[in-house]
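Numbering (our numbering), first residue to last: 10 to 239. No residue lacks a Cβ here, since even glycine has one placed at the ideal position from N, Cα and C. Treat the numbers as computed from the prediction; the structure is a model and nothing was measured. This report refers to the structure that appears directly beneath it.
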Ligand code: 5RP
């Protein structure tokens, strides 16, 4: 089965959790975009929802397809967020931020009563870290922040390249105006310890470890879709 079809399958099952009147956090990435397309069809058929997008990219797609939007300022409490992930471990801790939207994604997920992650089975791992961990950093003091991140990781027995994410020959800039360091630390046995260590660094705006935010994961494979509860 092709990769896009798996994303559509997961998105379709997630859509079954959406009810009339819901305030929805809407994720970023190719899987979340399949969800937006299916959601737009339902909206065209009369479903009444209000979406809060997690990126300008998602906002643009929602506008194009006619999904009604709000902002987190206007709608600070959400019923459900549906988003993709780069890696998912058995406790439903995630690595996110492959699409560069991790800060808004985390703020929106934290403002939601429930978060559903949609993905194909390739995203399931025993231990997070094969996918480089995105770390959103302030532009000011980039080199100092990079050194602090490397030292914090070393204290936890982690090491590996920190790569400034680029778009062509320019640093990638997030919707919040920050840069992203992709940290190839390898497997991360203690995600909480790394999360706390990164949060203690002033230049770190946020990181892509999502701990305790996921209510359920909707996982599509060639043999069907399974829902894993946290
Ligand atoms: C964006 C994200 C995405 O949800 C994540 O990268 C997965 O994307 P895709 O569905 O395209 O594999 O975290 O910041």
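The DSSP assignment places complete beta strand (DSSP E) segments of no fewer than 3 residues inside the region 63-107 at 87-92, in order along the chain. Rounded to whole angstroms, the gap between the alpha carbons of residue 165 and residue 182 is 28 angstroms.
Close to the ligand 5RP, as judged by a C-beta nearer than 6 angstroms to any of its heavy atoms, are the residues 36, 37, 38, 39, 40, 41, 92, 93, 94, 95, 105, 106, 107, 108, 109, 110, 111 and 114, in chain order.
With respect to the 7 angstroms criterion, residue 154 and residue 212 are classified as neighbours on the basis of their beta carbons. Residue 100 is classed as exposed because its beta carbon has fewer than 16 other beta carbons within 10 Å across all chains shown.
If only complete runs of 3 or more residues are kept, the region 23-63 shows the beta strand (DSSP E) at 32-35 and 59-62, in order along the chain.
Only exposed fits residue 65, as fewer than 16 other CB atoms lie within 10 angstroms of its CB. By the Cβ-count criterion, residue 32 is buried, with 16 or more other Cβ atoms from all chains shown falling within 10 Å of its own Cβ. Within the same chain, 125, 236 and 238 come within 6 angstroms of residue 225 by CB-CB distance, once the 5 residues on both sides are set aside.
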